[in-house]
Structure formats: C-alpha cells, structure tokens
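**Q**
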Amino acid sequence: GVVTDVNGVATFVVTCNAEGTAWVNMGRVITQVECAIGAAIFSTDCKACAADLITVTASGDGAHPMDGDVTDTSGLCAVRTFTCNGYNANIEVFPLRSETALIVNLEGEYNVATFEVTCNGTAWVNSGAIITQLECASA
1 GVVTDVNGVA TFVVTCNAEG TAWVNMGRVI TQVECAIGAA IFSTDCKACA ADLITVTASG
61 DGAHPMDGDV TDTSGLCAVR TFTCNGYNAN IEVFPLRSET ALIVNLEGEY NVATFEVTCN
121 GTAWVNSGAI ITQLECASA
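Residue 1 is where the sequence shown starts when you use UniProt numbering, and the numbers rise one by one after that.
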C-alpha cells in the first residue's frame, strides 16, 4: 500500500507486537518499508474515489451515524476525514480482507474520534490498508 499526506510528509507508525517478534500496523506484520518521492507514485485519479467505497454502518452497541464526513481535494490526493462524537467516542475500522475491527480514538479526547483515509485512485486507504467499512460508536 501507499501512505501519503497532503503536506508533503508521509508518516507510517508501527509497533512491536506483544510477543516481541514483529513490527505491526493495524494488525498486519510489516517486513519492509520504502520511501519514494514524487507524483509518479500516485494515480492520476487519486482525487476521484467514490464515497460509497466505504460503507458506514450503525449496527453495533452504541453505534450511530458519523458526525462528520468531509472530503478535501485541495492536496495531491483526496483526503476524507470521518468524525464521531459522543461519550467515549470511537470509530471502528474494518480493513479489506480482515475480520478484525480496529477501534480508533486518535484525538486523545474521550468525546471525539477522527479517522482519515486517502484516495489512491481505486480505494480509500489508511497506512496502506484498504478501508471498506467504518462505524461510529459511543457510550
């Protein structure tokens, strides 16, 4: 996958797994990272991902509609930001080909959770993983 950022900085965070045997990101083992600079790594259609490539569900405990879903096309590629508000707010993330939901609260606040995806020309991605489903939930 490709990690991009609209301000010219790409950041990819990995953590050591509980066993101390591998670096992981979003539950996937990371064995290699490469850095490339320039527009050649991006699809020319990376501003054109359809909104319906991500399904927003509201079926779990405490689930409710997203409080924000904003797409910014001012940078190199489209960036879509989801916001979930509520007590102990979180966004459950369902990557393609993964049965495990990852729960995100990146704001550091209990009442606001945000999650960003970037268009790669064919899908919305975060940290190289294709994201196909999200759910907003709070207590």
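Glycine included, every Cβ here is placed at the ideal spot set by N, Cα and C.
Whole angstroms is fine: what's the gap from PHE82's alpha carbon to GLY27's?
**A** As a position in the sequence shown, residue 82 is number 82, starting the count at 1. As a position in the sequence shown, residue 27 is number 27, starting the count at 1. Cα to Cα, the separation comes out at about 21 Å.
**Q** Distance, Cα to Cα, VAL13 vs PHE94?
**A** Within the sequence shown, residue 13 is the residue found at index 13, counting from 1. Within the sequence shown, residue 94 is the residue found at index 94, counting from 1. Answer to the nearest angstrom: the Cα atoms are 18 Å apart.
**Q** Where does the unbroken beta strand (DSSP E) through GLY121 begin, and where does it stop?
**A** Stepping through the sequence shown from its first residue, residue 121 is reached at position 121. Run containing GLY121: none; DSSP gives neither H nor E here.
**Q** Spatial neighbours of VAL24 within its chain, please: CB distance less than 7 Å, with the 5 preceding and 5 following residues excluded, ordered by chain position.
**A** Taking the first residue of the sequence shown as position 1, residue 24 is located at position 24. Excluding positions up to five away in sequence, the list reads VAL14, THR15, ASN17 and ILE30.
**Q** Less than 7 Å between the C-beta atoms of CYS77 and THR118, yes or no?
**A** Numbered from its first residue, the sequence shown carries residue 77 at position 77. Numbered from its first residue, the sequence shown carries residue 118 at position 118. In this structure, THR118 lies closer than 7 Å to CYS77 by Cβ.
**Q** CA-CA distance, ASP45 and THR114?
**A** Translated into the one-based positions of the sequence shown, residue 45 becomes position 45. Translated into the one-based positions of the sequence shown, residue 114 becomes position 114. Computed Cα separation, rounded: 25 Å.
**Q** Short check: CB of ALA58 to CB of SER138, under 7 Å?
**A** To locate residue 58, count along the sequence shown from 1; it is residue 58. To locate residue 138, count along the sequence shown from 1; it is residue 138. Contact: no.
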